Amino acid sequence: MDRIGIADTMFARYDMGAEAVDELESCPGHGERFEIVRRTVPGFKDLGVVCKKLIEEEGCRIVVALGMPGKAPIDQVSAVGASQGIMLAQLLTNTHVLEVFVHENEEEDPGRLAAVCVDRSRKHARNAYWLLYEPEQLARRAGRGVRQGYSDAGPIASASQRDPSPSPSPSSV
Amino acid sequence: MDRIGIADTMFARYDMGAEAVDELESCPGHGERFEIVRRTVPGFKDLGVVCKKLIEEEGCRIVVALGMPGKAPIDQVSAVGASQGIMLAQLLTNTHVLEVFVHENEEEDPGRLAAVCVDRSRKHARNAYWLLYEPEQLARRAGRGVRQGYSDAGPIASASQRDPSPSPSPSSV
Amino acid sequence: MDRIGIADTMFARYDMGAEAVDELESCPGHGERFEIVRRTVPGFKDLGVVCKKLIEEEGCRIVVALGMPGKAPIDQVSAVGASQGIMLAQLLTNTHVLEVFVHENEEEDPGRLAAVCVDRSRKHARNAYWLLYEPEQLARRAGRGVRQGYSDAGPIASASQRDPSPSPSPSSV
Amino acid sequence: MDRIGIADTMFARYDMGAEAVDELESCPGHGERFEIVRRTVPGFKDLGVVCKKLIEEEGCRIVVALGMPGKAPIDQVSAVGASQGIMLAQLLTNTHVLEVFVHENEEEDPGRLAAVCVDRSRKHARNAYWLLYEPEQLARRAGRGVRQGYSDAGPIASASQRDPSPSPSPSSV
Amino acid sequence: MDRIGIADTMFARYDMGAEAVDELESCPGHGERFEIVRRTVPGFKDLGVVCKKLIEEEGCRIVVALGMPGKAPIDQVSAVGASQGIMLAQLLTNTHVLEVFVHENEEEDPGRLAAVCVDRSRKHARNAYWLLYEPEQLARRAGRGVRQGYSDAGPIASASQRDPSPSPSPSSV
């Protein structure tokens, strides 16, 4: 059975990992085609190595890494380093790790911030599922301004007013 | 048959990947000397690893990676990390990955932004072709202020007013 | 017997390493299940390589790296580089290194700064112990706004006012 | 025969590569002891991988990498990434790559900018030659404030007014 | 016989390398237990690879890398990249490289700047010696606010006014 990894933190102020797990449990094949392995680390700077361990030691085929950088300037700096670790984990294993960071300063209101956490965590959990089992879902949305955490930005109007509906993705590639 | 990779995102607000594919399909040898492999990922931070996979798992000899960082400051920070991933993918595989990023804030007007997307995507797709099959096209333009997305900046007037036309590129090197 | 590494610096203005050692000595199994190996380097930029040496040459299964970046702007820049080294040490060894940095400018008052040093050093030493022997302690606190150095931020109120007490962490993952 | 690599770009607005080639052709042993291999890539972010390829696939013992970051803020950011690639190429091959970047905003006047290009390209080409064949030329200038692109800054007056002429470099090291 | 590497630059405006060499020559065992290998490169961005070469090709067990970033903003950016190279050299070889950078803007007065160069170069040369042969010298100074280039900052007063004299470093670790 395939394994999908979920890595999250104690530092985050919302249980994003639980949202991601719940979303994956609702995907076709959960418990049959794939199972979920979850690991919690202290903070987002610890995500890089735990993702690599999930891949190399736990056999995960893809990982969703969730964290919530705080409001302090130092947190923003730390988030850059944390992202570099997650990037390196991917490059050294040839395995996707979807970084799901919700910055605490994205929303003033706690309720709205929680809503961003829910939406972004679930959409990226779904993206992980698609990357493994339904890549055509991603291909179909190429260049369509898809967002996680908020509603889609959508495609910009093109210079030549071409209709994007009859999707221009070439069939043979 | 050689393979050229195209990696793009759902996040981008213009289908830059389709432009790159279309340009490559118009190059000599498409379908005979080389074929195109396209992969779409969620966002530009996912490009690094998919490029490495295109090279190591799909056998691509070169990759064009297309993304559109958004207007938010955090997007600019993320773009730096995404570039580092693409850089690392190249260094670890000894394979060129041409990064084609159009920043959403490059142009206010959607039509003009789309035009930048078209121009930059196509020119870099052509550059990929040249790197593989016609490196002399690049050598001929060394130091000529060539641009993608906009018209060329051109060479600066030299200190000694030397005429750049009789190209000074040495024949034996 | 397992080994837990402590890496600290001469540069720091508080003996954070001693706090971490003391905390670990109070953990169950000290001297039986695990022993402590401590190394002191000149400054925080020397932590990355000493952590990797503790892991690869001294056989440590986890390391706590403690440092105190100074008040000067250059110290902040150096701290970023130091963090990158610690991150790389982890990624190249698949081993956690908990970075415990107390920035000298976090508190004006020396007494308060010392208190941050004590709290952060001890909590992360405990986190290291948990990562090795009681990972369920971390899982239980996922998304709970746990902090080191200061009191916990706690979870944010959720959008749907869901009660976080009946912890939603799935049993099978 | 040894090989010295020259990597440059179409993006640059001055043919810095030609200057470097010309300088190397004037060095003792050109065509006998060493030959020059030149590769042109689209932009400076493509230099890292081409340098590594010049070293590992073309057998170059040293490389001079020339680029001209533009005036836009994004160009400065890209230049940092490009430098990281060049750094990594060196570290992964144990081979020097001399980075010769002339920032377009270093000089307002095109003529002066071109002069910087000429001077910096040629001096670094000469440095590459020295690193390979005459390292004593470098040792002799240790701590002397040597510059490329502009005239030397020279050494600062020392605290104890020590005379730097009777060079203090130890004979046995 | 062990080898200690000294890497310095032509760019620096003070012969920091000579100071480091002189300090090491005054350490016990010079010429018997260890010898010095010195290499000079053009600028501080060339230090990373020469340090790695000193370790891997010249057999140095530790390296002191000395450089002087200039006053221009671009020099500060370059210094960050140079540090990353030195960091990577350490991580890839499991060998300490002590980075000794004196920023030209640390002091206005040339005499004072030179004094910083002397002090920092010599203290770090001594640190290198200690790391190899007398690690207890470092352990004894853990958390004591030791500085190079200037006088020590010293430890901060602790929250509980604990007396730092009866050093709390545990004997068994």
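Protein chains in written order, with the working numbering: chain W, 1 to 173; chain V, 174 to 346; chain E, 347 to 519; chain D, 520 to 692; chain F, 693 to 865.
Note that CB positions come from ideal geometry on N, CA and C, so glycine has one too.
Every value quoted in this text rests on a predicted model; they were computed, and no experiment measured them.
Buried or exposed: which applies to residue i, given that a residue is buried once 16 or more other Cβ atoms fall within 10 Å of its Cβ?
i, result
"E231 (chain V)", "exposed"
"M702 (chain F)", "buried"
"Y187 (chain V)", "buried"
"E192 (chain V)", "buried"
"M520 (chain D)", "exposed"
"P246 (chain V)", "exposed"
"G664 (chain D)", "buried"
"S670 (chain D)", "exposed"
"P339 (chain V)", "Legend: pLDDT at P339 (chain V) = 39, less than 50; position of this residue unreliable, value from coordinates given subsequently. The residue in question, P339 (chain V), is exposed, as its Cβ has fewer than 16 Cβ neighbours within 10 Å."
How about residue i and residue j: are their beta carbons less than 8 Å apart?
i, j, result
"F34 (chain W)", "I4 (chain W)", "yes"
"A601 (chain D)", "G567 (chain D)", "yes"
"M433 (chain E)", "G85 (chain W)", "yes"
"L437 (chain E)", "L92 (chain W)", "yes"
Please determine, among the options, the residue with the shortest C-alpha to C-alpha distance to residue i.
i, options, result
"V635 (chain D)", "D:N646, D:G600 and D:H622", "D:H622"
"G841 (chain F)", "F:M708, F:V741 and F:D694", "F:M708"
"H156 (chain W)", "V:A301, V:I247, V:L305 and V:V291", "According to the sequence shown, residue 156 (chain W) is Ile rather than His. Of V:A301, V:I247, V:L305 and V:V291, the residue nearest in Cα terms is V:V291."
"T732 (chain F)", "F:L746, F:N819, F:G723 and F:C719", "F:L746"
"L132 (chain W)", "W:G70, W:A72 and W:R61", "W:R61"
"R384 (chain E)", "E:V367, E:G431 and E:I420", "E:V367"
"R839 (chain F)", "F:Y821, F:R814 and F:K763", "F:R814"
"G673 (chain D)", "F:P827, F:P802 and F:R832", "F:P802"
"E653 (chain D)", "F:P734, F:E800, F:Y821 and F:I728", "F:P734"
"T268 (chain V)", "V:E281, V:E198 and V:A301", "V:A301"
"G29 (chain W)", "W:W130, W:R120, W:E107 and W:E106", "W:W130"
Kindly give me the distance between the Cβ atoms of residue i and residue j, rounded to whole angstroms, as I take these residues to be in contact under 8 Å.
i, j, result
"E715 (chain F)", "R818 (chain F)", "6 Å"
"D219 (chain V)", "G143 (chain W)", "Actually they do not touch by this definition, with Cβ atoms about 14 Å apart."
"A435 (chain E)", "C373 (chain E)", "Not quite, the Cβ-Cβ distance comes to about 23 Å (not below 8 Å), so this is no contact."
At the 8 Å Cβ level, is residue i part of the contact set with chain A, yes or no?
i, result
"K744 (chain F)", "Annotation note: the requested chain A is absent from the structure, which comprises protein chains W, V, E, D and F."
Would the C-beta of residue i count as close to the ligand ZN, meaning under 7 Å from any of its heavy atoms?
i, result
"A185 (chain V)", "This structure lacks the ligand ZN; in fact it carries no ligand of any kind."
Q. Hey, is the stretch 403 to 416 of chain E in contact with the stretch 437 to 447 of chain E, meaning 3+ C-beta pairs nearer than 8 Å?
A. yes
Q) Okay, do the stretch 281 to 288 of chain V and the stretch 245 to 253 of chain V touch, 3+ Cβ pairs below 8 Å being the bar? A) no
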